[in-house]
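*Asks:* Just so you know, the sequence shown maps onto residues 562 to 812 in my numbering.
Note that beta-carbon positions come from the ideal geometry of N, C-alpha and C, so glycine has one too.
Nothing here was measured: the structure is a model prediction, and the numbers come from that model.
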Amino acid sequence: MFSDVDIEKQLESQKRDPDTGISIEPFEKKYLTPVGYDLRVGKKGFSWNNKREENIERDGGIEIEPRDTVVIETLESITLSREVGATIHAMATRVNSQGLSHISTTVDPGWTGKLLISCHNYRDSPVELRLGDSFCTVCFFRVESQAKVSVGRPPDRDDIWQQLIEKASREKQQLREKANQEKQRQEREIKEEKERERRERQNRLFGMASFAVVALAIGIVTSLIDPVIGASLAAVIGGISPFVVEILKAK
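Listed below in structure tokens is the structure:
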């Protein structure tokens, strides 16, 4: 592992010979640590919760919502010779005081470009990182044998960035489709409920009409046979009719 003294020597080495040492651009000595270099928040980020690219340069920073994972491009561009590898580590100040941690990763020998760092907010409240804030530490190692396998990935990992945007677009579309399906389901349920209520009203009206017709028919027939009984029956029917109507209404 390189100390701060080793890192500065490696920086000078690459200036003399591009095939050796390391490069950090822009480099500021105050961000050196005893065994690494603190990387800073760059110009763009990506929020998985919001499924969108965040313009850190325009907004001056990025707000990481509770339980959100964001991808942040580093301000620094790093170049490693084939004899040097690196690892990315969380900063204790970010983890302990802010509940913010990143997903560790490696940087292969031969890498050149900016880095994409995933950070997760474990807190129940938002955490803000400003443009230029240090947020993770890169540590450098000398490999025992010079790496032969090519990195085989584009600088700055533009391929990953494009994948993020495309995946977010697909997921947004899926969410919209799901929301539309849910809306259609609710509209269908409302329509079915209204239809059920309409049928129930029709049934109640039919029940009241049927009762009235039957009661009238019985009253007429009974009156023709025996007017006294018919009158008594009419009184009874008249007395119970309000209760029957109320029962039919309540169904």
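(1) By the 10 Å Cβ neighbour count, where 16 or more other Cβ atoms means buried, how is S642 classified, buried or exposed?
(2) In the DSSP assignment, the beta strand (DSSP E) including V688 goes from what residue to what residue?
(3) Quick one: give me the first and last residue of the alpha helix (DSSP H) that R613 is part of.
(4) Give me the DSSP bridge partner(s) of K604.
(5) Taking the beta carbon of T673 as the centre, do at least 16 other beta carbons fall within 10 Å, making it buried, or is it exposed?
(6) What separation, rounded to the nearest whole angstrom, lies between the Cα atoms of D694 and E750?
(7) For S602 versus L677, is the C-beta distance shorter than 8 Å?
(8) Give me the Cβ distance between P670 and V704, rounded to the nearest whole Å; I'm assuming they're in contact under 8 Å.
(9) Could I get the ranges of all uninterrupted alpha helix (DSSP H) runs contained in the region 620 to 706, with 4 residues as the minimum, in chain order?
(10) Nearest CA to the CA of A651: which residue from S665, P587, S638, D578?
(11) When you compare the CB positions of V668 and L600, do they come within less than 8 Å of one another, or not?
(12) Could you give the DSSP three-state label for D599: helix, strand or coil?
(13) Could you check the C-alpha separation between Q745 and S608 for me, to the nearest Å?
(14) Are F588 and V645 close, meaning C-beta to C-beta below 8 Å?
(15) Between the Cα of V518 and the Cα atoms of T635, I633, E618, T648, which residue gives the shortest distance?
(16) Spatial neighbours of R684 within its chain, please: CB distance less than 8 Å, with the 5 preceding and 5 following residues excluded, ordered by chain position.
(17) Kindly indicate which residue of R577, T594, Y598 has the alpha-carbon position closest to the one of I585.
(18) Note the first and the last residue of the continuous alpha helix (DSSP H) segment covering E569.
(19) What is the DSSP secondary structure of E586, counted as helix, strand or coil?
(20) If K612 sits next to K755, beta carbons under 8 Å apart, how far is it from one beta carbon to the other, in whole angstroms?
(21) Under the DSSP definition of a beta bridge, which residues are partnered with T594?
(22) Where does N610 sit, in a helix, a strand or coil, going by DSSP?
*Replies:* Answer, in terms of the structure:
(1) buried
(2) 688 to 691
(3) Per DSSP, R613 belongs to no alpha helix (DSSP H); it is in the beta strand (DSSP E), 613 to 616.
(4) Answer is none; K604 lacks a bridge partner.
(5) Counting Cβ neighbours within 10 Å, T673 comes out exposed, since fewer than 16 surround it.
(6) Cα to Cα, the separation comes out at about 52 Å.
(7) According to the sequence provided, residue 602 is Val. The question's Ser does not apply to it. Taking 8 Å as the Cβ cut-off, V602 and L677 do not qualify as a contacting pair.
(8) 6 Å
(9) 653 to 659
(10) S665
(11) Contact: no.
(12) The three-state reading of DSSP puts D599 in strand, counting E and B together.
(13) 29 Å
(14) no
(15) This structure does not reach residue 518, given that the chain is present from 562 up to 812, and the question cannot be answered.
(16) P627, Q659, G660, L661
(17) Y598
(18) 565 to 577
(19) strand
(20) With 8 Å as the limit, K612 and K755 do not qualify as a contact, their Cβ atoms being about 36 Å apart.
(21) G597
(22) coil
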